[in-house]
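Read the structure below first, then the notes.
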Amino acid sequence: MKNPLSYFIIPFVLIVTSCQKFVEIDLPKNQITTTYVFEDSVNTNAALAGIYVDMYQAFTLGFSSGGITAFTGLSSDELYHTANNQNQEFYAVNILPTNTTNLDLWTSAYKFIYEANACIEGIQNSNTLTEYQKNLFLGEALTIRAFLYFNLTNLYGAVPLVLTTDYEKNRLLSRTDENEIYSQIIEDLQSAKSLLPKTTNYNNTRAGHYAAAALLARAYLYTKNYDAAKDEASYVINSQRFAIESDLNGVFKAHSKEIIWGFAPVSPGRETWEGYYFVPTSTTAVPTYVITDELLNSFDDNDLRKHNWIRVNTNDGTDYPIPYKYKLNAMQTSVSERYSVLRLAEQYLIRAEAHAYLNEISPAEDDVNIIKGRAGLLPVSGNIQPGLIDLIQQERRWEMMCEWGHRWFDLKRTGLIDETLTPIKPNWRPTAQLFPIPQTEIDSNPNLSQNDGYN
Amino acid sequence: MYIKFTLSPYGWTRALMRWILRKETLMRVHTTFALVLFFIMQVGATSLAQPYITLKKENIKLREVFEEIKRQTDLTVFYSAKRVDDTRILNTSFQHADVKDVLAECLKGQPLTFEIKEKTIVIRHTPELGNNAAPKKGNKVLVSVYVEVRGRVVDSLGNPLVGASVRVLNAEGKRTTLQTTTDRDGYFLLRNVPEDAILEITFMGYKPIKRATNDDIGTIVLSASNSGLDEVMVIGYGTTTQRYNVGSVTTVKAEDIEKQPATNPLAALQGRVPGLTVTSTSGLPGSNYNLQIRGQNTLNSTLASVVPIDNPLFIIDGVPFSPQNRNVNQLMSIQSPGNSIISNNPYGGFSPFNSINPSDIESIEVLRDADATAIYGSRGGNGVILITTKKGKTGKADFQMDLSQGMSAVGKTMRMMNTQEYLMMRKEAITNGGLEPNLEQDSEGYAPDILLFDPNKETDWKEIFLGNNAQNTIANLSLSGGTANTQFRIGAGFNRNTYIYPGDLGDHRTSFLLNLNHVSNDKRFTIQFSSNYSYYKNNSSGNRNLLEAFKLDPNYPDLLDDNGNLVWTYEGIPLGRGGTLANPLSYLKNKYHVQNNNLTSNLQFIYEIISGLKARASFGYNTLYTDEYSGTPRAAINPILNTQASANFGTNNFNTWIIEPQIEYQKRVSKHFFHFLVGSTLQRDLNDRTLITGTGYVNDNLIESISAATTRNASDAFNEYRYAAIFSRLNYRFDNKYLVSLNARRDGSSRFGPGRRFGNFGSVGLGWLFTEENLLKNKIQFVSYGKLRGSYGVTGNDATSDYQYLSRWQTTLYTYDGTLGYIPQNLFNPSLSWASTKKLEVALELGFLKDRILLNAAYYKNRSGDQLVSYNLPKMTGFFNVAANWEATVQNSGIEVSLQSTNLQKGGFTWSSSFNLSIPKNKLLSFPGIESSSYLTRYVVGQSLNTVLGFKYAGVSEETGVFRFYDAEGNVTDSPRRPSSGRLNDYQNLGNLDPKFFGGFLNSFSYRNFQLDIFLEFRKQMGVNYMQQVYSGFPGSQMNLPAVLLDRWQSPGDQATHQKYSTQYNDVYNAASNFTKSDGAYSDASYIRFKTISLSYAFHSELLQRIKVNNLSVFCNAQNLFTKTNYLGNDPETQSIYGVPTLKTVVLGLQLNL
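Quick mapping for you: the protein sequence lines, in order, are chains H and F.
Our numbering applies: residue 2 is where the first sequence begins, and numbers increase by one.
Our numbering applies: residue 339 is where the second sequence begins, and numbers increase by one.
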């Protein structure tokens, strides 16, 4: 305490000399800035892995974690719901613009799109990645983005087409016509297909060359470009990299040869989200999501899919059939199921339908018979075009049941939705085939309009 | 009793030890306190040793003792030979004994006293004291020592009080003949004062004060008696008084805080301060409070119509409170139910202020205008709240203990339907849809409650889940005191509250506070230290559905079976399928707990370089460490869901340190008074959080351990904030009439990018005490005080998240196929910078009838431009918002009036009142480009930020029985159009949620030993009523409803308040959804609340003297006892039927001072 003044002088000197420097801070220990993300392939790979983690770590049924299956399943004639909550709005085809499940679908889709866009920009702007690495990552990011837009536009119709991370521009985007969205999807997939090498070290958990091609085939089919759809599906089928699993119970296994692109488990304890939400551990429990009589009764009794992909729970004398493509409610010691995004059976059905529309009856029947054969059904032959098209739609209903909204999307694109749903949904209106744009989204973007029928 | 300290440190330590030993039968805690005190005082002791002598002799005369002292020491002894009894023979046996003790022993029993003054001992003859004092103390020896007492008497601003009278009271508190008055500089000197005497200092217009005798009693500050005008008021980096302050500051004092049985200091501010709204988020213990000073300054990032943000800056003893008013919890619980319309409580959570014991608080100052807040620069834009803890005072050691015990209960809530009404409602709802009740789970007619459950069973679930009484226990102990050099206060507090829910839910807090102040002998060097530690723990439920448990069907089956196990099925039917909750008792097994450890420390060195020039360095540290757990054991899981047992563990650690060196110069030159302050601030805030989730527990007993989980996932987060500034303030006063106050500050904040970090802020304040003008002085008798003041200035706002100017990626929680991912964290904005608020205030302060009535009226107008907001974005941008400076101007203006008066003062009866009223007005002044912004459907230029846009409600259709609305053209419609494509369509302005006016009214009555305080809080406002929440649900489905819903449409022609019941997702459902967005869901939520009623009785001092107690009082305090409101719902403050309303609390207690 010799010179008490030193107590005061030291801090003053400290401040005057260091003010400017003092307010500079480091980033949090667990964060890095964009520059460091795309400086090498390991970090860029992590950014892409981040999209997958985000897409599949949901806490509930989400956009890419079973939500599309469940909610379009309720809206169409596949599923009903035994818990009385907001999700009943989907079953009642009376979704309010304020429905938060619907908002979650929208919000998460655009969050993933942002992540894909951030990757695309980061990769393109990187000066340190090699050309090969750039192509590899860019192709994967484009495929993911195309996949997200495909589902978005099928749920909502015209949606804002966000292709950058620039929020100043994006916040005021209006809706882009469905055809333009498809053009973008096709363009992205074409570039992805050319950027992605046919052979990569990835297993089927990442979107590779053939995932881009398979999705492209689907996009061509949905846009009625049957020649291209046929060619693209053939390209995947003929690659010989994938094969139809002979056992129906092997289709959704981790080592399934049929899966072109699938998601690996992310959240602990969850093998697949659909298994977790659809399959009660007890066979006597009342499940939350139940297969409708319409779907169950549409199956031929000899159809192995009815027995292998549907399980019946019985409670108090009442039967509750449930989707049983994924059989595991919780994570096993080692991962044994794979959440399929794209699989070969669909490619056969795409090609069959394309053939049929091109009036190439016999090749179409051949493709359908591959699917029917695996299901234990007799082959078909000698069809005429309209009947064949109907038959292929029926086959799609069974093969792709409760899988990524295929039923709902097929009913819409074939125009069969009104005649199919009017008899079974008292509230049915033709405008219900599009989900409402979430109200808060419209509230925060003056250029956004609502779908018809939702005020 | 008192402990008295003599001159010698050895003397007083001995006296202290004597005291300790004498009171050994007292509680141990006394001893502990005393020992702590002993060590503290030892540290502070200065060396002023007395000489020692050794004297072992038998048959010695007193005169010889004096000679021996002279011989052995260098002291001289003056005595009157006449008065000293020379015949008296003593036997002495002193070995190296203190002269003082020797004299005391030798003079024992004689009418003699001695005084040691420097090198001289004076022996005096004192017949009256000598005869009176000794016998009174019984067999105990009283040492009478005479001292000379010097001191100075000043007012709270340090101005000398000339002619104040200083009287000497004897040890029994009786006046003696000794007295004097202060000289023209305020000094006084009293000779021959018995050492154990007490000084009483009185001065006209000031509160009398009593002090223990001391040779240099130092400066005694008298505070004005009639009014608070001259009481010390804490402001930023200093103190002032209301008389000479030009800023807008309101003080809430300890006495007002203590009367409220609240465990959160923020609760004690409700209604007390003009311009400050304090809103409780829930009645559950530990819940947070929303605070806002003078309205909302910034645009809101959320679109939900909820109470706004913009918290003031909180500073405790000079240290910014690290968590500020943020929730400390990360996990969900019934306190933090999340942001849904059902819970209507987006800001709910645990208040960090649970860690502060209100009884440790000396005062809370609320700073509002530019003059008061500009010194806080970029942080003061939303106002500042200063919390000052209690300090020790020179003089007697005061041991205080207060204990209270009480109960809380939920007040009046809406009656729910009974079984008969409920079943009728359910049948009607199903029949309305053309259905029959059935047991098919996919059917909208699914009704186990009608078909299966016992129709004669009736359970009042509200009584079970909300009807319990919560227990409150408060215990506080403190010891304070000190010498002229060192003052201390040690406090300890304990607090415990239980829940209104069944089960062992509850919270408790243990806190310790130490304050020390030491001044060197030459009075130039001062050290102040304060340290406050507290431990807080809350146990509750981690499942927010518990809040809605009382909605169970009244005929719902028993929740427990005969063995006490949870019931999940009933007659083969799984429970909880139709929209109702399966088994709410399971939520009590979803245990949640949060623990906070809080430490706030402040160390200040003050050195007076030359007279008036002081250097000061302040070092502060605050940490709040939060530890959370929330678990879902297997026992709480509905077997039907078959989910795994899981547990979450979170830590949330807030840290702040601050260094503030300052130089202060104060000078008075004739009529000019200057006070100049320059200082700087370095502040660093750190916040780090971890969250670990464990799943797959196989044994419920191990669930509170992370190592027992089969799968573990961890995440963490870090935030750093740094802040540096230089500030200065000049106060100038001329002739105590004209006041000038200038503030300037340059600030740097780490929240902004390079080149945008620094900002300048400042203010000008002027005041005119016009009653001091000769023209007016003494001319208008009844106006005793009058001041006109005004201020204008710029304060800032850097209240945004950290790192928003950088584009950041963070690692993912989980891996994807073995690869850890990165996820983008934010939309970044490199051009982010300060927001600034321009504040203007004009005020008139008047005192009437010798300041018995004080009126303070202020008008303010604040404009916040270049808004720093979390700009709301459509989700298609990938994020919800982006930190941005937005070119919108928000204006908050208003009038604040406060009135204090002593209404009656007669014959031991006093009635005084204080009243405050605020009339705020919030307005979005301009918003360029609002048409192309995401706020189009949220804000209207020219209207309040809390404007509600929605449908105009047109009542229930007599024909169809569903809600109808007016469209924009005024026609009634069933399907109003929501906003779309930038058009509001049928949305209209429904008014705003701002309080129209609010305030408080306190009446204090005291009669003899009784004191009664009645404090009313009132607020006029519009709010969300119960219907918004009821219709966000599905009235008609399997859950109970408030009985008021019986007034519903049944058949064509009915005029009803409520639309028909339904279980279907059809037009009735859609109308309900539209209704929640209409003005039907909003109504008057004004209230007048008996916030505090406090009655206390202090026992008579004569009685207390006999039991050696200084003060003993018993009290009964009640909080929220009555509420007068027309609100449609449970509680107009929390505005939620599924939240817990503000509780009523009554406590009984006693306060004891030794």
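Glycine included, each C-beta is placed from N, C-alpha and C at the ideal position.
*Return helix, strand or coil for F/Leu1442, following the three-state DSSP convention.*
helix
*Does DSSP classify F/Glu1179 as helix, strand or coil?*
strand
*If F/Phe888 sits next to F/Leu804, beta carbons under 8 angstroms apart, how far is it from one beta carbon to the other, in whole angstroms?*
6 angstroms
*With distances taken Cα to Cα, identify the nearest neighbour of F/Glu1471 among F/Asn1341, F/Met1365, F/Pro1333, F/Gln1163.*
F/Pro1333
_Chain-order list of residues whose beta-carbon lies under 6 angstroms from that of F/Thr1498 (same chain, five-residue window excluded)_ = Nothing in the structure corresponds to residue 1498 of chain F, since chain F is present only between 339 and 1492.
*Along the alpha helix (DSSP H) that carries H/Ser109, what are the first and last residues, could you check?*
101–126
*What are the uninterrupted segments assigned as alpha helix (DSSP H) that are 4 or more residues long and contained completely in the segment 759–829 of chain F, given in chain order?*
786–789, 799–804
*Which residues share a DSSP beta bridge with F/Cys1454?*
F/Leu1433, F/Leu1486
*Kindly identify the DSSP beta-bridge partner or partners of F/Pro1314.*
Paired residue(s): none; F/Pro1314 is not in a bridge.
*Exposed or buried, H/Lys413, counting other C-beta atoms within 10 Å across all chains shown (16 or more means buried)?*
buried
*Is the beta carbon of H/Thr73 less than 8 angstroms from the beta carbon of H/Trp429?*
no
*Kindly indicate which three-state DSSP category H/His356 falls into: helix, strand or coil?*
helix
*Check each candidate in F/Asn855, F/Lys800, F/Tyr873 and name the one with the smallest Cα separation from F/Leu884.*
F/Lys800
*The alpha helix (DSSP H) spanning H/Pro500 covers which residue range?*
Examination of residue 500 of chain H is not possible in this model, given that chain H is present from 2 through 456 alone.
*Exposed or buried, F/Ser1389, counting other C-beta atoms within 10 Å across all chains shown (16 or more means buried)?*
exposed
_Distance between H/Asp304 and F/Tyr1304 (C-alpha atoms, nearest Å)_ = 56 angstroms
*Could you spell out where the beta strand (DSSP E) holding F/Ser1271 opens and where it closes?*
Here F/Ser1271 belongs to no beta strand (DSSP E), and DSSP marks it neither H nor E.
*asked:* With a threshold of 8 angstroms between beta carbons, is F/Ile1161 in contact with chain H?
replied: yes
*beta strand (DSSP E) runs wholly inside the segment 1103–1178 of chain F, at least 3 long, in chain order*: 1121–1135, 1146–1154, 1157–1162
*Taking F/Lys1415 as the reference, which of F/Leu1492, F/Asn638, F/Leu1328 has the closest Cα?*
F/Leu1328
*For F/Asp1054, write down the residues that DSSP places opposite it in a beta bridge.*
F/Thr1028
*asked:* I'd like to check one pair, F/Tyr390 with F/Phe404: are the Cβ atoms closer than 8 angstroms?
replied: no
*Taking Cβ-Cβ distances below 8 angstroms as the criterion, which residues of the segment 22–34 of chain H are in contact with chain F?*
Phe23, Val24, Glu25, Ile26, Asp27, Leu28, Pro29, Lys30, Asn31, Gln32, Ile33, Thr34
*Would you verify that the beta carbon of H/Ala286 is, or is not, closer than 8 angstroms to some beta carbon of chain F?*
yes
*Measuring alpha carbon to alpha carbon, tell me which of F/Glu1440, F/Arg1316, F/Phe1011, F/Thr1019 ends up nearest F/Tyr1070.*
F/Phe1011
*Considering only residues of the same chain and omitting the five flanking positions on each side of H/Arg271, which have a CB-CB separation below 8 angstroms?*
Tyr277, Ala331, Met332
_Alpha carbon of F/Gln662 to alpha carbon of F/Leu854, nearest angstrom_ = 25 angstroms
*H/Ala353 versus H/Ser382, H/Pro431, H/Leu329, H/Gly377, residue with shortest Cα-Cα distance*: H/Ser382
*Identify the contact partners of F/Tyr1291 in chain H, using a Cβ-Cβ distance below 8 angstroms as the criterion.*
Chain H residues near F/Tyr1291: none, gap ~16 angstroms exceeds 8 angstroms.
*Option nearest F/Val722 by Cα separation, candidates F/Thr588, F/Gly744, F/Asn1025*: F/Thr588
*Does H/Tyr227 have its Cβ less than 8 angstroms from a Cβ in chain F?*
no
*asked:* Please state the DSSP three-state secondary structure of H/Ser335.
replied: coil
_Is the separation between the beta-carbon of F/Phe526 and that of F/Gly489 shorter than 8 angstroms?_
yes
_Using only the alpha-carbon positions, how far apart do F/Gly1100 and F/Ile828 sit?_
38 angstroms
*Over the uninterrupted alpha helix (DSSP H) stretch that includes H/Trp274, give me the two end residues.*
274–279
*Establish whether the CB of F/Asp1417 and some CB of chain H are separated by less than 8 angstroms.*
no
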